[in-house]
Amino acid sequence: MNKRGSKSIKMPLRGIATKNLSVLVSSLVLLILASLLLIRNIGENRASSLTFPKHDLNRPVLENINGKEVLSQIPDSPKAVLFLAHGCNGRALNFWDKSPDCPNCIGLPEERQIVLEALSRRFAVIAVSSDGRCWSFGEERLIVKYVIREWVDKNKLERVPLVSLGASSGGYFVSVLATDLKFSSIVLMIAEGLFDRIDIPNHYPPTLFVHMPKDLVRNKKIKEYMQVLGSKGVDVVEIKCLEFPLSPTLLSDRVAGLNETISSELYALFQNKGFIDAKGYMKSDGRATRWKEALKGSGIDFPDNSLLNHIQEELNLAFAYHEMTSLQSEDIFNWFESHVA
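Per numbering that gives the first Met the number 0, the very first residue in the sequence shown carries number 0; after that it's consecutive.
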């Protein structure tokens, strides 16, 4: 069982040199006030870390390359290219908001936030939809390899590093694709990879596992594969994602288009139905919680049924068993940047 908690934050002490006692006292007072303000700001940031900034995602370019649905967006002066591989039942459309240029885009909360973080760090982003419900690892792998190279060449991005993030089935796919394409580094999210089915080459890229240790089987495999990769000289690190409690405004903070009133009503419904404990933690995975049925008979004036999947994603994430997550975006992109030549 994983312990709930937060990391401590170490603050460096700054020396103060002075030849005058009054200056020393004044400086100490100012330092104390500044420290208190810094501590307050850190507390506010940590408390609001589950809140998304209220930004609109700019319009992507939607195109078909070699029969593949491809969405992309390029910031000014990109310093790297990020290839995103969705999980089962996903599509590239999940990563961008609905817009006139992409009327079928969905903009799921976690996916869109990863793209926003990428663009803010000047990463060009390309996402491709799989042919089937999940990714396959034969011919489709070769097609995607061609699609990425074609897109990179067309946009004159051959000289910037290429990185990748794949979630679940997409993580398996990226673990194999990394034997075909030269990635500076990769992130395998809620996926242990297919390292028992591939020959790991000497040039295999640095690999970051972002996973949820509640999934005991996958957690065990990741530990095993980290040892395998390490023995091959691959730089390998893991980030563990733990559960967190719901709050009355969590869903409105993280789901665009959902207001605080509806969010609070949903929270009260989950309390009344026993879906969450006294501290707000989900008692079961969101997929196993019959919250949609409860919503139908609740009398809540729900604004848009298209948001149900967005809420489902956040409930899954709160339980922390198997879901796409943007909560570790800062660490993920620090990882990418640390391996960009």
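The C-beta atom is built at its ideal place from N, Cα and C for all residues, glycine as well.
task = State the start and end residues of the unbroken alpha helix (DSSP H) segment that holds Ser251.
result = Leu249 to Arg253
ask   = When the Cα atoms are used, what is the spatial distance from Tyr145 to Ala267?
value = 50 Å
task = Express the C-alpha separation of Phe274 and Ile64 in angstroms, rounding to a whole number.
result = 44 Å
ask   = DSSP puts Leu81 in a beta bridge; with which residues?
value = Val124 and Val162
key: Backbone secondary structure at Asp330 - three-state DSSP   = helix
task = Determine the direct distance from the alpha carbon of Arg158 to that of Asp284, and round the result to whole angstroms.
result = 43 Å
inquiry  = In the DSSP output, which residue or residues are listed as bridge partners for Cys101?
reply    = Ser98
query = What are the boundary residues of the beta strand (DSSP E) that includes Met225?
reply = It is not in any beta strand (DSSP E) - Met225 instead sits in the alpha helix (DSSP H) that spans Leu215 to Ser230.
query = Once you ignore the five residues that flank Asn154 on each side, which residues in its own chain have a CB closer than 7 Å to its CB?
reply = Ile73
message = Would Leu161 and Phe182 qualify as a contact pair, given that the criterion is a beta-carbon distance under 8 Å?
response = yes
ask   = So who's on the other strand from Ile64, going by DSSP bridges?
value = Lys67
key: Own chain, CB closer than 8 Å to Pro77, minus 5 neighbours either side, in chain order   = Arg121, Phe122, Ala123, Leu156 and Val159
ask   = Do the CB positions of Ala190 and Tyr203 come within less than 8 Å of each other?
value = no
key: Rounded straight-line distance, which links the Cα of Arg90 to that of Val127   = 7 Å
key: Nearest neighbour of Gly137, chosen from Val173, Ile113 and Thr248 [CA to CA]   = Val173
key: Element boundaries [alpha helix (DSSP H), containing Ile310]   = Leu307 to Phe318
inquiry  = Considering only DSSP beta bridges, list what Ser184 is partnered with.
reply    = Val162
ask   = What does a CB cutoff of less than 7 Å around Asp330 pick up in its chain, not counting 5 residues either side in sequence?
value = Ile238
inquiry  = Which residue wins for smallest C-alpha separation from Ser263, given the options Arg289, Val236, Leu294 and Glu223?
reply    = Leu294
inquiry  = Would Ile113 and Ser337 be called neighbours here (beta carbons separated by less than 8 Å)?
reply    = no
ask   = Which residues bound the alpha helix (DSSP H) around Phe208?
value = From DSSP, Phe208 is part of no alpha helix (DSSP H) but of the beta strand (DSSP E) over Thr206 to His210.
task = Determine the DSSP secondary structure at Val114, reduced to helix, strand or coil.
result = helix
request  = Look at the alpha carbon of Met281 and the alpha carbon of Val143, and state the distance between them as a whole number of angstroms.
outcome  = 38 Å
Where Ile147 falls: helix, strand or coil (DSSP) = helix
message = If distances are taken between C-alpha atoms only, which option among Gly66, Leu115 and Leu228 comes closest to Glu149?
response = Gly66
query = How about Cys240: is its C-beta nearer than 8 Å to some C-beta of chain B?
reply = Of the protein chains in the structure, only one exists, and it is not chain B.
query = Grouping DSSP H, G and I as helix and E and B as strand, with all else coil, what is Glu43?
reply = Summary for Glu43: the model assigns pLDDT 31, below 50, so the residue's position carries little reliability; its value from the coordinates is reported in the next sentence. Reduced to three states, the DSSP call for Glu43 is helix.
key: Coarse secondary structure for Glu322, derived from DSSP in three states   = coil
ask   = What number of angstroms, rounded off, separates the C-alpha of Pro302 from the C-alpha of Ser246?
value = 20 Å
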